[in-house]
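Quick note, the sequences are listed as chains A and B, same order. Read in order, the letters of the first sequence correspond to residues 563 to 700 in my numbering. Read in order, the letters of the second sequence correspond to residues 563 to 700 in my numbering. First the structure, in the form of structure tokens, and then the observations on it.
There are 2 protein chains.
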Amino acid sequence: MNVSTALRILKDEGFKYTEKREDLVTLFAKEKRYLSARDVLIHMQKSYPGMSVDTIYRNLTLFKDLEILEETEWNGEKRYRLSCSTNHHHHHLICLQCGKTRQIESCPMEDMPVGDSEFKVTGHKFEVYGECGECQAQ
Amino acid sequence: MNVSTALRILKDEGFKYTEKREDLVTLFAKEKRYLSARDVLIHMQKSYPGMSVDTIYRNLTLFKDLEILEETEWNGEKRYRLSCSTNHHHHHLICLQCGKTRQIESCPMEDMPVGDSEFKVTGHKFEVYGECGECQAQ
DNA sequence: AAGTAAATCGTAATCATTCTTATAAATGGC
DNA sequence: GCCATTTATAAGAATGATTACGATTTACTT
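Shown next as structure tokens:
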């Protein structure tokens, strides 16, 4: 996923282009890590001092629904990162300090038969948490 | 884990016995599924109409710290269930409607080398979500 | 350029959770 | 069993993240 693809999706789905939306996607494209709504708000308010929290949350949710962003949650806050460009299913190693990630190629669901006629499986979550090299150095 | 073991842990760690605490553990022992603080509050207020939300949260957190309860989170709410009696590490299949679980014996971390000298791994989460037979029937 | 639907702002509301302070209850020593 | 000490609780206020709302502005269509 990159900025122009994201903007095309937005247009194709009938949503409007705004500079704020482009800047928001650009931020995620540049950071390539999980950011909280607060992180995003702080960054955006540098360029747009009066920007409303509502606009941040509305767009984060919209972008998640459009699969431009991926969502997860830790320490009681939702976090978002740009959807990975690799289109095959994968998981992440996540630094809980800075939100940086590393891809885990394999998926535990592949060779694990869970669920049956009784229990309908609708999703799963596999995340490995830790601290990246840079954050440890501090 | 059962009620008497939980109460012994509580005593051994120097915490006091109260009827509310016994009732709280008894509820989890009976339900054997994930409950939210709200679920617990509603149940407890039947027996103790004036019971404070703070007491619920304080005890849920205490019991989690003592490993009497296991914690997870979905739809923006923390959820708790009695620690499984099996003492080997495992994961869960979870019904997002009612919180009922089924154990998954294997752990994807066993045969998956993630992390290295750069990235220090401190934890992981593997949960499979779905809908149990009873909830589908409705 | 005008009209329409969507986006945004500013603020208030909501929801889960935590904190605070005063009171009440449980444990341990006598 | 009684008292002192320590912990638990109630009630409500505070917090932090998120969502909702009415008014205004903006992007897109024709």
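For each residue, glycine too, the CB sits at the ideal point set by N, CA and C. From a predicted model like this one, the values you see are computed outputs, not experimental measurements.
Can you list, in chain order, the residues of the stretch 683-695 of chain B whose Cβ is nearer than 8 Å to any Cβ on chain A? 683, 684, 685, 686, 687, 688, 689, 690, 691, 692, 693, 694, 695
Kindly list, in the order they appear in chain B, the residues whose Cβ is closer than 8 Å to that of residue 547 (chain A). Residue 547 (chain A) falls outside the range modelled here, since chain A spans only 563 to 700, and no answer is possible.
Between B:604, B:690, B:681, B:623, which lies nearest to residue 684 (chain A) when the distance is taken from Cα to Cα? Position 122 of the first sequence, counted from the first residue, corresponds to residue 684 (chain A). Comparing Cα positions, the closest option is B:690.
Within 10 angstroms of its Cβ, does residue 620 (chain A) collect 16 or more other Cβ (buried), or is it exposed? As a working mapping, residue 620 (chain A) is identified with position 58 in the first sequence. With fewer than 16 Cβ atoms within 10 Å of its Cβ, residue 620 (chain A) is classed as exposed.
Secondary structure of residue 622 (chain B), DSSP reduced to three states: In the second sequence, the residue the question calls residue 622 (chain B) occupies position 60. Of the three classes helix, strand and coil, the one that applies to residue 622 (chain B) here is helix, per DSSP.
Report yes or no: do the stretch 648-659 of chain A and the stretch 653-662 of chain B share at least 3 C-beta pairs separated by less than 8 Å? no
With a Cβ-Cβ cutoff of 7 Å, do residue 639 (chain B) and residue 598 (chain B) count as a contact? Position 77 of the second sequence, counting from 1, holds the residue named residue 639 (chain B). Position 36 of the second sequence, counting from 1, holds the residue named residue 598 (chain B). Cβ atoms of residue 639 (chain B) and residue 598 (chain B): closer than 7 Å.
Check residue 598 (chain A) in the structure and name its three-state DSSP category. As a working mapping, residue 598 (chain A) is identified with position 36 in the first sequence. Reduced to three states, the DSSP call for residue 598 (chain A) is strand.
Take residue 615 (chain A) as the anchor and find which of A:680, A:573, A:586, A:630 has the nearest alpha-carbon. The residue given as residue 615 (chain A) occupies position 53 in the first sequence. Nearest of A:680, A:573, A:586, A:630 to residue 615 (chain A), Cα basis: A:586.
Would you mind telling me which residues of chain B sit closer than 7 Å to residue 670 (chain A), beta carbon to beta carbon, in chain order? Residue 670 (chain A) sits at position 108 when you count from the first residue of the first sequence. Those are 670, 688, listed as they occur along chain B.
Nonlocal neighbours in the same chain, by C-beta distance under 7 Å from residue 618 (chain A), ignoring five residues either side: Translated into the one-based positions of the first sequence, residue 618 (chain A) becomes position 56. Excluding positions up to five away in sequence, the list reads 599, 602, 603, 606.
So, for residue 582 (chain A): in the same chain, excluding its five sequence neighbours on each side, which residues have a beta-carbon less than 8 Å away from its beta-carbon? Locating residue 582 (chain A) in the first sequence gives position 20, where the first residue counts as 1. Excluding positions up to five away in sequence, the list reads 606, 610, 613, 617, 621.
Judging by CA-CA distance, which residue of B:636, B:692, B:667, B:635 is the nearest neighbour of residue 646 (chain B)? As a first step, residue 646 (chain B) is located in the second sequence; it is residue number 84 there, counting from the start. Ranking B:636, B:692, B:667, B:635 by Cα distance to residue 646 (chain B) puts B:667 first.
Beta bridge counterpart(s) of residue 658 (chain B) as assigned by DSSP: For this step, residue 658 (chain B) is matched to residue 96 along the second sequence. Residue 658 (chain B) is not bridged to any residue.
Using 7 Å as the limit for Cβ to Cβ distance, is residue 666 (chain A) near chain B? Taking the first sequence and counting its residues from 1, the one referred to as residue 666 (chain A) is at position 104. So, interface residue.
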